[in-house]
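Structure first, then comments.
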Amino acid sequence: MTAAPDHKPTFATLSLGERLDKAMPVLLIPILVVLGFLAIGAPSSWLTLTVSGLAMGMMIFIMASGLTLVFGLMDVINFGHGAFVSVGAFVGISVLIALGDWTGATSLLLNMSAVFLAVVAAMAVTGVMGWGFERVIVKPVYGAHLKQILVTVGGLIVIEQLIHVVWGPDEIFINRPETLKGAITFAGAAMEKYRLLAVAIGLILFVAMRMVLRRTKIGLIVRAGVENGPMVEALGYRLRLVFVGVFIAGSALAGLGGVMWGLYQEVITAGMGEKMMVLVFIVAIIGGLGSVEGAFIGALLVGLTQNYVAFLEPKLALVSNIALMTAILMWRPQGMLPVVKAK
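Pasting the structure below:
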């Protein structure tokens, strides 16, 4: 008789230290929240900052989730992703301005209908742009990271200039729909209605993406393609089409994130996507290549850290996220929840 093959121990058979190490990425969020409470002291200020940090993190996650899948599945470093954020913001806000009667009404139904139409338009336009971007700019440079950086940065610059041509070079200031203005007071803390909506949308999107990736056939193909693309192709699946679909979906999510970020800041510029790319890449890197769960945790850590540090020591806010990324990569060089090995 031959000996039974060795199997990787399950969570139940791991030692306490191994269990803690495995669960630590998830535990980082409550640990950070508790540390923030101890450092800030005032419960009302802490609650306001926490909700703001969660809202910011959710919007960054929406923008980063598509990028991290493209990064992990296609091995593409796409700096042009920020262009889709900007275009999505301008398209969505243009729709909201056109529906001024709806956004100016005191009806929640009309307000949310206007936002929904703006999001659909933004995602449709950026999804189509993502398809064209992948066909024309990204496809010729697969496997060449230096060329990818050069051509996608060039694509970003070109699209930004096209935004200037279509919408003009000036900033566009916007007002949120009437029912999303103001704040709700809870336990002495003022929590903006729009930030609460952003948290809800981010959670819904995360759950939906997790369900698709784990409970559907296309999700299984995507996850298998991230781990071992050649094997998936050997089984007869057209992974190339999956690549294109993921790229389009990631671009559409960037457009959604652009609309939400524009409403969050109440001002949009052609360069807003380029500026957001720093945070988006930080989230993708510390979360782990190809990991939606890692991107979700990383985005929340980034949002909470920036809000807490900006309140406690404003001068350190600009470097707080770089410091966070450095600390996490020193602890886990491949990110917190990597799906694929660093390439």
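For what it's worth, my numbering labels the leading residue of the sequence shown as 15, then goes sequentially.
Cβ atoms here follow ideal geometry from the backbone N, Cα and C, with glycine treated the same way.
Looking at the strands, I want to know which residues DSSP matches up with residue i.
i: Val281; result: Phe187
i: Phe200; result: Ala203
State the DSSP-derived secondary structure class of residue i, mapped to helix, strand or coil.
i: Phe93; result: coil
i: Ala37; result: helix
i: Met7; result: Residue numbering for the chain in the displayed model covers 15 to 357; residue 7 lies beyond these limits and cannot be assessed.
i: Met350; result: coil
i: Glu241; result: helix
i: Ser265; result: helix
i: Leu303; result: coil
i: Ala56; result: coil
i: Arg252; result: coil
i: Thr193; result: helix
i: Tyr156; result: coil
i: Ala119; result: coil
i: Thr62; result: helix
i: Ser29; result: coil
i: Thr230; result: coil
i: Glu288; result: helix
i: Glu148; result: helix
i: Leu293; result: helix
i: Gly182; result: coil
i: Glu327; result: coil
Could you work out which residue in the options is closest to residue i when comparing CA atoms only?
i: Leu219; options: Gly96, Ser100, Leu267 and Val105; result: Leu267
i: Leu343; options: Gly302, Asn321 and Glu185; result: Gly302
i: His178; options: Val101, Ser58, Leu249 and Arg33; result: Val101
i: Met205; options: Trp60, Ile43, Leu46 and Leu30; result: Trp60
i: His159; options: Val134, Leu326, Ile91 and Gly216; result: Ile91
i: Ala214; options: Arg254, Ser66, Ser58 and Arg33; result: Ser66
i: Met73; options: Thr82, Asp89, Gly86 and Gly317; result: Gly317
i: Phe75; options: Met88, Val99 and Leu30; result: Val99
i: Ala284; options: Gly216, Trp181 and Leu351; result: Trp181
i: Ile299; options: Glu288, Thr340 and Leu63; result: Thr340
i: Gln279; options: Ala138, Phe187, Ser29 and Ile296; result: Phe187
i: Ile296; options: Gln320, Ile232, Val165 and Ile282; result: Gln320
Looking only at its chain, what residues have a beta carbon closer than 8 Å to the beta carbon of residue i, apart from the 5 residues adjacent to it on each side?
i: Val323; result: Leu330, Ala331 and Ser334
i: Ala197; result: Ala204, Met205, Glu206 and Lys207
Should residue i be flagged as near chain B, meaning a C-beta pair shorter than 8 Å?
i: Val109; result: The question asks about chain B, but that chain is absent: this structure has only one protein chain.
Going by beta carbon distance, what residues of the same chain come within less than 7 Å of residue i, once the five residues before and after it are set aside?
i: Ala136; result: Gly102, Val105, Gly106, Gly269, Leu270, Gly272 and Val273
i: Met223; result: Ser79 and Val306
i: Ala18; result: Confidence in Ala18 is poor, its pLDDT being 46 and thus under 50, which makes the residue's placement unreliable; the coordinate value appears in the next sentence. The answer is none, since no qualifying residue turns up.
i: Gly169; result: Gly94, Ala97, Phe147 and Ile151
i: Leu87; result: Val236, Gly239, Val240, Phe257, Val260 and Gly304
For residue i, collect the residues of the same chain with a Cβ closer than 6 Å to its Cβ; drop the 5 residues on either side in sequence, then sort them by chain order.
i: Ser58; result: Gly202 and Ala203
Check whether the segment 145–159 touches the segment 307–315, counting contact only when three or more Cβ pairs, one atom from each stretch, lie closer than 8 Å. no
Is the segment 102–111 touching the segment 273–286 in the sense that three or more CB pairs, one from each, lie closer than 8 Å? yes
Would you call the segment 41–59 and the segment 245–265 touching, i.e. three or more CB-CB distances under 8 Å? no
Would you call the segment 231–244 in contact with the segment 51–59, where contact means no fewer than 3 C-beta pairs closer than 8 Å? no
Would you call the segment 193–202 and the segment 121–137 in contact, with 3 or more CB pairs under 8 Å? yes
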